[in-house]
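The numbers in the sequence shown follow this note's numbering, run straight up by one, and end at 263.
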Amino acid sequence: MDTKLLFPDPDERPLDALAPEGGYCSIFRTICCIGDSLSSGEFEIYEDDGNRRYYDIYEQSWGQYMARRTGAKVYNFSRGGLTAQEFLQAYAQEFDCYNEEKACQAYMIALGVNDLICRRGTVVGTKDDLLESGEQNTFAWQMGEIVRRFRKISPESKFFFLTMPRDSADEWTNGRQEAHRAILYDMVKVFPESYVIDLREYAPVYDEKFKDIYFLNGHLSPMGYKLTADLVMSYVDYIIRHNYSHFKTAGLIGKNLD
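Rendered as structure tokens:
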């Protein structure tokens, strides 16, 4: 056996190789995906009346593709158009997200597009706003508060924050994706046991060629959601393989054992 497969290559970069069966992402038996339409398997279609309609088809979400690959229980705490503020103010209560019976070993948070790009009404904030004492009207405070609330029901859980992939339409967004990416890297400095899944740096560019295959109008196609699952699982696998000591006790998360 080639033992190089067992030990991390220091020169390896995230997503140099895909782990379509999940790799070490499968060590997590309960996972929560918190996000907007792109975490909900949303399809954007034109109906006979010429209007666009949007449908969240959760079984097509990247979280559920991940569930089928790894055998994990995956919760979709997501909805088309969702923002971090809306999650805190209404969604989490409506869907009983903080129920201890739904506590997970890993949380994957993919919020920010509606907060900062589509509506552009939310201030990103600073590293100081991630703290409980920060400015509550900022995206940073809202993301920090989401982590704090889930940590109350699952103190040892791991958190993964997703950046926005590069897109051929980025030019009209005034660099807000980079500000979003920067605050996520600040989050891992503030919150222990957390990591960035940096799709902006390492995922393919969502250009015209990519969209021809992986998009259905303005949202992803089934192939796009499946590919996203492959990217997320592979990135988590990379993080684990390059930080083995952080994950040795992952199987004990939520088991109430010393």
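We put the CB at the ideal spot given by N, CA and C, even for glycine.
* Asked: Helix, strand or coil: how does DSSP classify His224 here?
  -> As a first step, residue 224 is located in the sequence shown; it is residue number 219 there, counting from the start. Correct three-state label for His224: strand.
* Under 8 Å between the Cβ atoms of Leu87 and Tyr96? -> Numbered from 1 along the sequence shown, position 82 holds the residue referred to as residue 87. Numbered from 1 along the sequence shown, position 91 holds the residue referred to as residue 96. Yes. Within cutoff.
* Tell me whether Gly40 sits in a helix, a strand or coil according to DSSP, three-state version. => Counting from 1 along the sequence shown, the entry for residue 40 is found at position 35. Collapsing the DSSP output to three states places Gly40 in a strand.
* Asked: Shortest alpha-carbon distance to Lys216 belongs to which of Gly149, Ser173 and Ala22?
  -> For the purposes of this step, residue 216 is identified with residue 211 of the sequence shown, where counting begins at 1. Shortest Cα-Cα distance from Lys216 to any of Gly149, Ser173 and Ala22 involves Ser173.
* To do: Can you say whether Ser199 is buried or exposed, counting buried as having 16 or more other CB atoms within 10 angstroms of its CB?
  => The residue labelled residue 199 in the question sits at position 194 within the sequence shown. Ser199 is buried by the Cβ-count criterion.
* Counting along the chain, where does the beta strand (DSSP E) carrying Leu167 start and finish? -> In the sequence shown, the residue the question calls residue 167 occupies position 162. Note, Leu167: beta strand (DSSP E), Lys163 to Leu167.
* Asked: Can you name, in chain order, every residue of its own chain whose Cβ lies under 6 Å from the Cβ of Cys123, other than the five neighbours on each side?
  -> Position 118 of the sequence shown holds residue 123. Excluding positions up to five away in sequence, the list is empty.
* To do: Report back the beta-carbon spacing between Ile188 and Val129 to the nearest angstrom; my notes put them in contact at under 8 Å.
  => Taking the sequence shown and counting its residues from 1, the one referred to as residue 188 is at position 183. Taking the sequence shown and counting its residues from 1, the one referred to as residue 129 is at position 124. The Cβ separation is near 6 Å, so the contact holds.
* **Buried versus exposed call for Lys163 [16 or more other C-beta atoms within 10 Å across all chains shown]** => Counted from its first residue, the sequence shown places residue 163 at position 158. Buried.
* Pull up the CB-CB distance for Gly149 and Val195, whole angstroms please, since I reckon it's below 8 Å. => The count along the sequence shown starts at 1 and reaches residue 149 at position 144. The count along the sequence shown starts at 1 and reaches residue 195 at position 190. Gly149 to Val195, Cβ: 7 Å. Contact.
* Bridge-paired residues (DSSP) for Glu47 -> Translated into the one-based positions of the sequence shown, residue 47 becomes position 42. Partner(s): Asp61.
* Taking contact to mean at least 3 C-beta pairs separated by less than 8 Å, is the segment 224-238 in contact with the segment 58-73? -> Three or more Cβ pairs closer than 8 Å define a contact, and the segment 224-238 meets that threshold against the segment 58-73.
* Asked: Does the segment 49-65 touch the segment 132-148, meaning 3 or more C-beta pairs lie closer than 8 Å?
  -> no
* Assuming Leu167 contacts Ala89 under a Cβ cut-off of 8 Å, what Cβ separation, rounded to an integer in Å, is found between them? -> Here residue 167 corresponds to residue number 162 of the sequence shown, with the count starting at 1. Here residue 89 corresponds to residue number 84 of the sequence shown, with the count starting at 1. Rounded, the Cβ-Cβ distance is 13 Å, inconsistent with contact.
* Quick one: Cα of Met267 to Cα of Glu213, how far? -> Residue 267 cannot be examined here, being either before or after the span of the chain that is shown, 6 to 263.
* Which ranges does the beta strand (DSSP E) cover as unbroken runs of at least 3 residues, wholly within the segment 64-151, from first to last along the chain? -> 78-83 and 111-115
* Asked: Under a Cβ-count criterion, where at least 16 other Cβ atoms within 10 Å of its own Cβ denotes burial, should His4 be classed as buried or exposed?
  -> For residue 4 there is no data in the structure shown, the boundaries of the chain being 6 and 263.
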